[in-house]
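The sequence shown runs 103 to 908 under our numbering. Worksheet: one structure, shown below.
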Amino acid sequence: MKKILPLALALCMLLGVTAIAEQPAPSYTYDVAVTSFPTTWNPFTYQTATDGDLMGYLNDGFYNFDYNETMDGYRIIPWAAVDFPVDVTDQYIGDKWGITEFVYSDEGEVTEEKTTGRAWKLTIRDDLKWEDGTPIKAENFVNSAKLLLNPKAQNYRADSLYSSSLRITNAEGYAKQGVPADTSYRDLMVLDGIEDVDAWLESKGDTKGYVNWGYSFGDTYDFETKAWTGAAEDAYVESPLTIKELYEFYTTGAGGEYITWADEPTRKDWALDELKAKYTWPETAWEDVGYFADGEYDIVMILDKPLTGFNLHYALTSAWLVNEELYNSLSTETDGVFTNTYGTSVETTKSWGTFKLTGFQSDKLYTVERNDNWFGFNMPENEGRYQTNRINTNLVMEPSTRLEMFLNGQLDVFGLSKDYIEEYGTSDFTYYSEGDSVFAMVFNPNFSALEANQKAAGENVNKTIITLKDFRVAMSLGMNRAEFLLAADPVSQPALAIYSSQIVADPENGIFYRNTDVAKQVVVDFWGLTDEIGEGKLYATVDDAIESISGYNLEMARELFNKAYDEAIEKGMMKEGDEVQIIIGTPNLTSAFYNNGYDFIVNNYTEAVKGTKLEGKLTFTRDGTLGNGFSDALKNNNVDMLFGVGWTGSTFDPYSLMEVFVNPSYQYDASFDATTYDIQIELDGVTYETNMYAWYEAMNGTPVTLKIVGSDETAVKSFPYSTDANEAANRIKVLGALEGAVLQLYDFIPLMGNYSAALKSMQIQYYTEDQIFPMGRGGLRYMTYNYDDAAWDAYVQEQGGTLNYK
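Structure below.
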C-alpha cells in the first residue's frame, strides 16, 4: 500500500546492481506461522485443510484459475493439460461403457438428442516431471488412479472418482470389489433387479439381516428372553434373524410394536433403508474402469454421467498423482490390513508441483523450496511470476509470540485476533478477506454413545439430552452470535445458513447461491419469518426480513430448554438431580479464538438457562488437545460439541459439497442416516418425495425414483447441470430444500462466516489491493517482494530490529 511503494522502487534499483555485479541470484523467502501441523499430505488419504495446504505446494491440477482479462473476475485455464478436453463420446458408444448413441430420458425412453459429455480425451503437457527430473506421462496418472482405487487400501479420497460430479465408469465397483459392506435392503433390491418387496425377501433365503439397534430403536431386543435390554449400540450388528424375519420383526413383530411413533406403512418404508445385509461387490477388472492412457500424453475418461463445460474443468483442477515407485515401496499389508506412509516425511515425498519439500520437523517447522523441474516455469504466462523460492511454515501456538516474530521481520503475515484488532485494524498494512466457509456449532447426537459416556462419567451425569432436537434448537436460539463474535472474532459476521455468500450455484452465469430467491427463502423459513413478510406485515420484503435476523431469541430458547428437560425426564433419559455435562472440543489451548470463544460459550449458556429447569444443571468442560483430529473426536463421541468448524472447497459446486452433510464418511454427525430421512420438494407444480441422500444423488445427475405425493405413482427424475433455465432452476430448488433439511436437524448450527483480517509484511506486495473472487489478491503466483532476504534483514536492522505497522 502507500508505505510499500518507495520500497518497491528501491528493489528495482537493487536488482539492477546485483545483476551487473554477477552476484548470486537473490533469495525470496515467505515465512508463515500456523497453529496446527500437517501429518499426512498423501493425495489419497489427506483429510484436513492443514494437510491440504502442504500438499498444495507439491501437487497440481490439469486446470487452474486465473484473473480474467478485465481483472474483475476469473477464468479457468489449461495447466498440466495442453488444452481443454475433447469430447470423444461417439468413439465409445456400445455395451462395454454403457453409452448409447442417443440420450434416454429419465423414464427410459429414447430421445432424438445425441449422447455427449460421457467420454473425454485429455492431453497432458510433455514437460511434466517429478522433482528429480523423471518424466510424467499419461500412464503415470492412470497408474495413480489404480492405486487410489485399490480396494485393499480403502483410501479416504477414492470416492473423488465416483461420488462427486466426476464419476468414472466402474471406478466404484473397482474400489469396492471383494469388500463386504453393510447395504440397505432398498439398495440390495436395486442390485438384485427385483422391485417387489415380498418377492425379494423370499429370494434371500437364510441370509442374515443386520440392524443398528441404537439408531432404529434406541434399545436392543434379546431374542432369547424376548425382552428389551435398555441399552443399544450405535453400529450395525448381525441379528439371529434372516433378512425376511428381521423385516417382519421391524414392521409387524416386537420391533414394530416398539416403534409407536410410526404406522405400519411407514415402518415398512423405513425398514428398507434402516435394515441391512452384507453385500460383496463383484470382481471388476481394471480394463473395465473408464480411465486409461491413449498414447504417451493422452488420457481418456469414460463417465457414468455427462459432465461438460465449466463443471468438467472445475472437477479437474486437482489431480490424483503419486510417484508410484515410491508409493509402492512404502506399502505394507499385515494380517490383511493395508498401510502406506507416502507423504509423511521428506523421504516419503516427491513433488511435481511448484515447490518441493526440503525440510520437515514434526510440530515445529517445514520448508518447501522452488522445484526447478516444475512444468509451470516453462509457461509463458508465468514469466515473472512465482518470485518466492522458499517457504518456511512454523508451528507457533501463542499469538503474542507470532506478533513478536512478525514485528521482528520473521513472519510475513500475522492474523489479527480480537486481542489485536483494535490496535492494528486500521493499519495501512491490514487486509480484510472473506472465505467460502461457514463455521458452526456441531453436535453428534448418537444416543447409545452418549448414554455410554454418561454412565462412564458417574452418577447424576446426563448427556443424552443432546439427542433431543428441542435442546439443540435452544442451543441455537440461545447463542448471542453478535456478542460471541465481539468476544472471539470481531472481524467476522454471524452466519444464518450452511452455505456462505461465496458459494456459486451457476458458475457459467456467475450466479451466487445466496443471492437466489430459493436460498433466501431457506433462510427466512429456517428462522421462522416466512409468515411475517409481505404488504402490511412486519417485513416488506424477504431481504428486509433477512437483514433483521440475529439468530438470538432468549425467550424462545428458555422455553425450549424447559421443554427438552421435561421430555428427558418423561422418557427416563435423566433424573431431576442430574447435571448435563457437555465436553467442548478445540484443536488447542492457545488459540485466542478458541479460548475466548469457549469462555463466552460457558458464560452465555450459564446465563441463558437462568430461570429454566436447567439452571445450575448445564455445565461445560473442555478438551483442547484434539489438533487435526477434531472431526474424528466428535464422530467417535470423544467430545460432545465443537465450535468454529466447517468445510472448505467446492466453492463452484455446492451440489457435490452437499455430500458432507448426507454421507457418514464425511458428516460431523456420523449417527445421522440420510437414507432414512424423507423430504418433499415441489417442482413444476408436482410434489415429489424421497430421502435426502437420494435427492443428493438426483441433484448430481443420477436418475432416482421419486414418489408423487398424493398418489400411488412414481416418477424417475434427475437434475444434472443444464443450460435450460427451468432445469437449472429446479436443480437450485433441490439444493435449497436439502440445505433447509440439514438446518432443521440442528446438528450443524450456523455460527459465523469466514472473515479474517491480517497484517501484511513490508517485505511483500500483493498483486491487487482488493480481494477479487476467487483469486483473492493473487496468491503466491502473483505476489512479489520489495526486498530480497538479505536486503530485508538489513532493513529490519536499520529500523532497530522492530518494525512499526501502526
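Cβ atoms here follow ideal geometry from the backbone N, Cα and C, with glycine treated the same way.
Residue i - containing alpha helix (DSSP H), residue span
i: Trp315; result: 315–318
i: Ile685; result: Premise fails: Ile685 lies in the beta strand (DSSP E), 681–687, not in any alpha helix (DSSP H).
i: Gln623; result: 619–628
i: Val898; result: 891–900
i: Met794; result: 794–801
i: Gly668; result: As written in the sequence, residue 668 is Asp, which differs from the Gly given in the question. That run of the alpha helix (DSSP H) goes 656–672.
i: Lys571; result: 571–579
Cβ-based burial, residue i [other Cβ within 10 Å; buried from 16]
i: Arg177; result: exposed
i: Tyr130; result: buried
i: Met157; result: buried
i: Lys278; result: buried
i: Trp363; result: exposed
i: Gln901; result: exposed
i: Lys346; result: buried
i: Asp771; result: buried
i: Pro482; result: exposed
i: Val811; result: exposed
i: Gly674; result: exposed
i: Phe204; result: exposed
i: Ile613; result: exposed
i: Leu111; result: Below a pLDDT of 50, predicted positions are generally treated as unreliable, and Leu111, at 20, falls in that range; the measurement from the model is reported next regardless. Result: exposed.
i: Lys908; result: exposed
i: Lys557; result: exposed
i: Glu124; result: For Glu124, the pLDDT reaches just 47, beneath the cut-off of 50, and the residue's location in the model is therefore unreliable, although a value from the coordinates is still provided. When all chains shown are included, Glu124 counts as exposed.
i: Trp388; result: exposed
i: Lys944; result: Not covered by the structure: residue 944. The range shown for the chain is 103 to 908.
Simplified DSSP state of residue i, which is helix, strand or coil
i: Lys719; result: coil
i: Ser539; result: strand
i: Arg487; result: coil
i: Gly201; result: Correcting the residue identity first, residue 201 is Ile in this sequence and not Gly. It is a strand residue.
i: Thr362; result: coil
i: Ala694; result: helix
i: Gly461; result: strand
i: Ala817; result: strand
i: Thr354; result: coil
i: Pro180; result: strand
i: Ile523; result: helix
i: Ala240; result: helix
i: Trp388; result: helix
i: Gln279; result: strand
i: Trp476; result: coil
i: Asp608; result: strand
i: Glu506; result: helix
i: Trp330; result: strand
i: Gly175; result: coil
i: Arg492; result: strand
i: Leu374; result: helix
Boundaries (first-last residue) of the beta strand (DSSP E) holding residue i
i: Asn856; result: 850–862
i: Met291; result: No beta strand (DSSP E) holds Met291; the alpha helix (DSSP H) holding it covers 287–294.
i: Asp133; result: 131–136
i: Phe732; result: Where Phe732 is concerned, there is no enclosing beta strand (DSSP E), although the alpha helix (DSSP H) it sits in stretches over 732–737.
i: Gln782; result: 780–785
i: Ala584; result: Not the beta strand (DSSP E): Ala584 falls in the alpha helix (DSSP H), residues 583–590.
i: Trp222; result: 221–225
i: Thr152; result: That residue, Thr152, is in no beta strand (DSSP E); its alpha helix (DSSP H) goes 151–160.
i: Leu423; result: Here Leu423 belongs to no beta strand (DSSP E), and DSSP marks it neither H nor E.
i: Lys380; result: 378–382
i: Asp168; result: 165–169
The stretch 662–680 touching the stretch 705–719, judged by at least three CB pairs closer than 8 Å = Because the criterion of three Cβ pairs below 8 Å is met, the stretch 662–680 and the stretch 705–719 touch.
ask   = At a cut of 8 Å, does the stretch 495–511 reach the stretch 449–468 through at least three beta carbon pairs?
value = Short answer: they touch.
ask   = Does the stretch 473–483 touch the stretch 226–245, meaning 3 or more C-beta pairs lie closer than 8 Å?
value = In short, these stretches touch, since the Cβ pair count reaches three.
request  = Inspect the CB distances between the stretch 507–520 and the stretch 858–866 and report whether three or more fall short of 8 Å.
outcome  = As far as the Cβ criterion goes, the stretch 507–520 touches the stretch 858–866, which means the pair count is three or higher.
task = Spell out a yes or no on whether the stretch 290–309 and the stretch 326–334 are touching, meaning 3 or more CB-CB pairs, one atom from each, closer than 8 Å.
result = With the cut-off at 8 Å, the stretch 290–309 and the stretch 326–334 do not touch.
message = Assess contact between the stretch 803–821 and the stretch 780–790, defined as three or more Cβ pairs (one per stretch) separated by less than 8 Å. Is contact present?
response = Contact holds: three or more Cβ-Cβ distances are below 8 Å.
ask   = Are there three or more Cβ pairs, one per stretch, closer than 8 Å when the stretch 370–379 is compared with the stretch 301–311?
value = Yes, they touch.
message = Quick check on the DSSP output: what are the complete beta strand (DSSP E) runs of length 3 or more inside the stretch 739–764, in order along the chain?
response = Secondary structure in the stretch 739–764: the beta strand (DSSP E) runs of 3 residues or longer, each lying completely within the stretch, are 743–747 in chain order.
key: Segment contact, 8 Å Cβ cut-off, at least three pairs: the stretch 689–703 with the stretch 602–610   = Segments in contact, no.
inquiry  = With three or more C-beta pairs closer than 8 Å as the rule, is the stretch 254–271 touching the stretch 395–408?
reply    = Using a Cβ-Cβ distance cut-off of 8 Å, the stretch 395–408 and the stretch 254–271 are in contact, since at least three pairs of beta carbons, one from each stretch, lie closer than that value.
key: Inter-stretch contact (C-beta, 8 Å, three-pair minimum) for the stretch 718–732 and the stretch 574–584   = The stretch 718–732 vs the stretch 574–584: no contact.
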